[in-house]
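One structure is given below, encoded as structure tokens.
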Amino acid sequence: MEQKSVLIIGGGIAGLCVGVYLRKNGFETEILEMHTAAGGLATAWTRKGYTFENCIHWLVGSKPGGEMNETWKEVFDIDKVTFYDGDIYQVLEKDGSRLVIYRNVDQLEEELLLKAPEDAAAVREFTGFIRKLARFKMPGGDTFFARLASYLRALPYFPMMGKYGKLTMADFANKFKNPLLKEFFGAGFADLSFIAIPFMLAWMTAGNAGYPVGGTPKLIGLVVDRYMSLGGKIRFGARAAKIIVENGRAAGVLLANGERLPADIVVSAADGHATLFDMLEGRYTSDKFKMVYETFKRFPSYVQVSLGVAADLKDEPGFYYAALDQEIVIDPQTKTHSFSVRIFNFDPTFAPPGKTAVVVFFATENDGYWRTLRDDDRSRYDAEKARIAREVTAVLEHRFPAARGKVEVVDVATPATVVRYTGNWRGSMEGWLMTPATGIRTLPAVIPGLKDFYMVGQWISPGGGLPSGLLTARAVSQKICRDHRRPWSPK
Ligand SMILES: Cc1cc2nc3c(=O)[nH]c(=O)nc-3n(C[C@H](O)[C@H](O)[C@H](O)COP(=O)(O)OP(=O)(O)OC[C@H]3O[C@@H](n4cnc5c(N)ncnc54)[C@H](O)[C@@H]3O)c2cc1C
């Protein structure tokens with residue numbers, strides 16, 4: 047069979063997965079990655095013995111035999127990963143009250159009824175929905191009949207999905223009187239589709255959304271290993287500037303250094319906005335994509351404060367949220383009265399014995415401020431980062447006395463960092479927000495009028511997340527095989 051060459055722009059999870067599937071199906075592949083490492087948003091960095099995770103809280107598909115587990119096996123050796131599935135997902139505190147979000151739905155229901163008896167009806171509605179979702183299997187399959195059968199199985203769930211799919215987090219928060227429960231649903235992304243939370247808790251109660259010990263470096267390392275072992279190539283420090291188009295088909299990539307790389311097929315696994323409006327200069331943007339880029343909501347960007355604490359903090363919750371009395375100013379348009387911290391006492395690979403890596407996350411829409419500040423006034427940019435780090439350290443030391451005077455490493459990443467290292471539009475953390483308007487449907491992976499060009503990753507899959515990379519890559523590899531009249535196999 048004739049070898050077709052494919053250039054894949056971007057070595058995040060989506061680019062790596064599409065590389066694996068295409069190598070398995072006999073295509074010659076080269077991933078062009080602008081950074082010096084693979085992973086994109088799925089990354090972590092080390093500072094003085096501490097590893098600071100940027101991404102993963104949980105991976106859908108962590109349980110052997112669970113939904114998506116077999117699919118992950120197609121792209122990496124998931125059995126080499128140890129997953130952590132502690133009883134508690136998150137602890138929330140406000141005005142002296144404490145609420146524990148358990149992974150197990152029965153424990154969760156008991157806790158919510160105890161702490162918020164005034165919301166018993168809404169609590170039971172919520173946990174009932176989680177129990178039903180825990181039995182639900184996402185429809186799909188590789189053949190027409192497998193897909194048909196899966197949709198027939200899913201049919202009884204559709205009315206429930208239709209009902210709850212219309213609600214946002216803010217809508218569901220309104221069902222509760224208890225301030226902490228209101229905060230749990232309302233404090234994050236108010237426009238996010240409500241069903242995102244019961245889905246997450248359904249996967250957790252089924253034991254299928256664990257945290258991979260070693261974090262994203264472990265996981266991404268294994269996908270890179272699989273891709274390389276199949277003979278795939280990766281070129282680091284290779285920033286794609288333009289997609290070369292000849293006679294209505296993608297014919298290669300022009301790198302930012304001026305080098306022209308020809309190819310039979312181009313797949314963009316990079317940021318969607320940059321792909322359509324910069325690399326393709328807006329010339330092949332379909333009406334569908336114009337509508338999407340004008341109306342869909344993005345996940346925000348973020349400031350991440352990472353702290354190396356010379357104390358083991360083993361008795362503290364791994365994921366903690368607190369409503370604060372004082373205000374923390376993140377940037378001129380972003381002020382918050384809350385504090386969301388991950389204490390990696392459950393990952394021994396992230397800090398030397400007796401010490402703990404801690405990460406504090408603040409969402410911001412103000413990426414422009416941070417990028418301009420970094421470009422125009424580097425010393426003020428550094429001073430602002432240092433100010434936020436001081437304020438966060440003070441809150442951490444107040445909440446967790448064992449950390450007092452023990453913060454020995456401080457690192458602050460801003461939206462400017464996210465854009466520099468991943469190229470994501472406006473520093474978005476996860477692409478399109480899944481809202482009642484977007485639903486869970488993926489967007490087209492192809493553009494009318496442009497042959498041999500495909501897109502994968504979070505920007506064609508509202509809700510984003512690592513599974514969006516896997517599943518869009520799998521579907522696009524099938525389409526490429528169909529378009530080039532060759533059989534497809536995941537083996
Ligand atoms: C704080 C945080 C927490 C998260 N938690 C979870 C979680 O618990 N579970 C989960 O499943 N997901 C989580 N996610 C989301 C997940 O990380 C992303 O949705 C996913 O990694 C996106 O993968 P991607 O390959 O589509 O895009 P990206 O990761 O953005 O990859 C794109 C790649 O393309 C490269 N690139 C861009 N432009 C160019 C160019 N011009 N030339 C060459 N290369 C280019 C970039 O450098 C990057 O490597 C989280 C994300 C964040 C930020």
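So for the sequence shown, the working numbering puts the first residue at 47; every next one is plus one. Note that beta-carbon positions come from the ideal geometry of N, C-alpha and C, so glycine has one too. Quick caveat: nothing in here was measured; it's all calculated off a predicted structure.
Could you spell out the range, first to last residue, of the alpha helix (DSSP H) harbouring residue i?
{"i": "Tyr-203", "result": "Where Tyr-203 is concerned, there is no enclosing alpha helix (DSSP H), given that its DSSP letter is neither H nor E."}
{"i": "Met-184", "result": "Counting along the chain, Met-184 falls outside any alpha helix (DSSP H), and DSSP gives it neither H nor E."}
{"i": "Pro-308", "result": "Taken as a continuous stretch (DSSP letters only), Pro-308 belongs to no alpha helix (DSSP H), being part of the beta strand (DSSP E) at 306-308."}
{"i": "Gly-495", "result": "Neither: Gly-495 is in no alpha helix (DSSP H) and is coded neither H nor E."}
{"i": "Asp-457", "result": "Looking at the DSSP string, Asp-457 is not in any alpha helix (DSSP H); the run it does join, the beta strand (DSSP E), is 453-459."}
{"i": "Gly-232", "result": "225-232"}
{"i": "Thr-251", "result": "242-251"}
{"i": "Glu-327", "result": "Taken as a continuous stretch (DSSP letters only), Glu-327 belongs to no alpha helix (DSSP H), as it is neither H nor E."}
{"i": "Pro-399", "result": "Careful: Pro-399 lies outside any alpha helix (DSSP H) and carries neither H nor E."}
{"i": "Leu-512", "result": "512-529"}
{"i": "Phe-222", "result": "Neither: Phe-222 is in no alpha helix (DSSP H) and is coded neither H nor E."}
{"i": "Arg-272", "result": "261-275"}
{"i": "Ile-486", "result": "No alpha helix (DSSP H) holds Ile-486; DSSP gives it neither H nor E."}
{"i": "Lys-279", "result": "Not the alpha helix (DSSP H): Lys-279 falls in the beta strand (DSSP E), residues 279-282."}
For residue i, I'd like the list of residues in its chain whose CB is within less than 7 Å of its CB, leaving aside the five on either flank, ordered along the chain.
{"i": "Gly-469", "result": "Met-80, Ala-316, Asp-317, Ala-320"}
{"i": "Gln-524", "result": "Trp-534"}
{"i": "Leu-53", "result": "Glu-76, Leu-78, Gly-298, Val-299, Leu-307, Ala-309, Val-312"}
{"i": "Ala-166", "result": "Leu-159"}
{"i": "Ala-233", "result": "Ser-384"}
{"i": "Ile-434", "result": "Val-349, Val-351, Ile-376, Val-458"}
Go to residue i, then tell me how far its beta strand (DSSP E) extends in each direction, as first and last residue.
{"i": "Met-501", "result": "499-501"}
{"i": "Asp-371", "result": "365-377"}
{"i": "Gln-504", "result": "Note, Gln-504: premise wrong, no beta strand (DSSP E); not H, not E."}
{"i": "Tyr-348", "result": "347-355"}
{"i": "Glu-292", "result": "286-292"}
{"i": "Ala-403", "result": "402-410"}
{"i": "Thr-382", "result": "380-389"}
{"i": "Thr-75", "result": "74-79"}
{"i": "Leu-300", "result": "295-301"}
{"i": "Leu-53", "result": "51-55"}
Should residue i go down as buried or exposed, given a rule of 16 or more other Cβ atoms within 10 Å for buried?
{"i": "Arg-388", "result": "buried"}
{"i": "Val-375", "result": "exposed"}
{"i": "Arg-417", "result": "buried"}
{"i": "Leu-268", "result": "buried"}
{"i": "Lys-228", "result": "buried"}
{"i": "Asn-293", "result": "exposed"}
{"i": "Glu-305", "result": "exposed"}
{"i": "Lys-94", "result": "exposed"}
{"i": "Thr-189", "result": "exposed"}
{"i": "Pro-461", "result": "buried"}
{"i": "Glu-373", "result": "exposed"}
{"i": "Lys-140", "result": "buried"}
{"i": "Leu-68", "result": "buried"}
{"i": "Arg-420", "result": "buried"}
{"i": "Tyr-130", "result": "exposed"}
{"i": "Asn-303", "result": "exposed"}
{"i": "Ala-219", "result": "buried"}
{"i": "Ser-275", "result": "exposed"}
{"i": "Arg-170", "result": "exposed"}
{"i": "Arg-450", "result": "exposed"}
{"i": "Thr-558", "result": "Beyond the ends of the chain as shown, which are 47 and 537, falls residue 558; an answer cannot be given."}
{"i": "Arg-487", "result": "exposed"}
{"i": "Ser-347", "result": "buried"}
{"i": "Asp-152", "result": "exposed"}
{"i": "Phe-191", "result": "exposed"}
{"i": "Ser-474", "result": "buried"}
Suppose the cutoff is 6 Å on Cβ atoms and the five residues either side in sequence are ignored; what does the same chain contact list for residue i look like?
{"i": "Pro-508", "result": "Trp-478, Met-480, Thr-484"}
{"i": "Met-501", "result": "Ser-314, Ala-491"}
{"i": "Pro-263", "result": "Ala-90"}
{"i": "Gly-510", "result": "Glu-476, Gly-477, Gln-504"}
{"i": "Ala-224", "result": "Strictly speaking, residue 224 in this sequence is Asn, with Ala absent from that position. For Asn-224, where only same-chain residues beyond five positions count, the Cβ hits under 6 Å are Ala-162, Asp-165."}
{"i": "Tyr-366", "result": "Val-137, Val-387"}
{"i": "Glu-362", "result": "Ile-389, Phe-446"}
{"i": "Thr-380", "result": "Thr-410, Asn-412"}
Give a yes or no on whether 8 Å exceeds the smallest Cβ distance from residue i to chain D.
{"i": "Arg-69", "result": "Looking at the structure shown, chain D is missing, and only one protein chain is on hand."}
For residue i, which residues in the same chain have their Cβ closer than 8 Å to its Cβ, ignoring the five residues on either side in sequence?
{"i": "Ile-266", "result": "Ile-59, Leu-62, Ala-84, Gly-85, Ala-88, Thr-89"}
{"i": "Pro-185", "result": "Arg-193, Ser-196, Tyr-197, Arg-199, Ala-200"}
{"i": "Gly-256", "result": "Trp-104, Leu-105, Ser-108, Lys-109, Phe-129, Tyr-130, Asp-131"}
{"i": "Lys-334", "result": "Leu-489, Pro-490"}
Every unbroken alpha helix (DSSP H) within the region 84-143, with a cutoff of 4 residues, ordered by chain: 115-119
Whole beta strand (DSSP E) elements within the region 141-175, 3-residue minimum: 143-148
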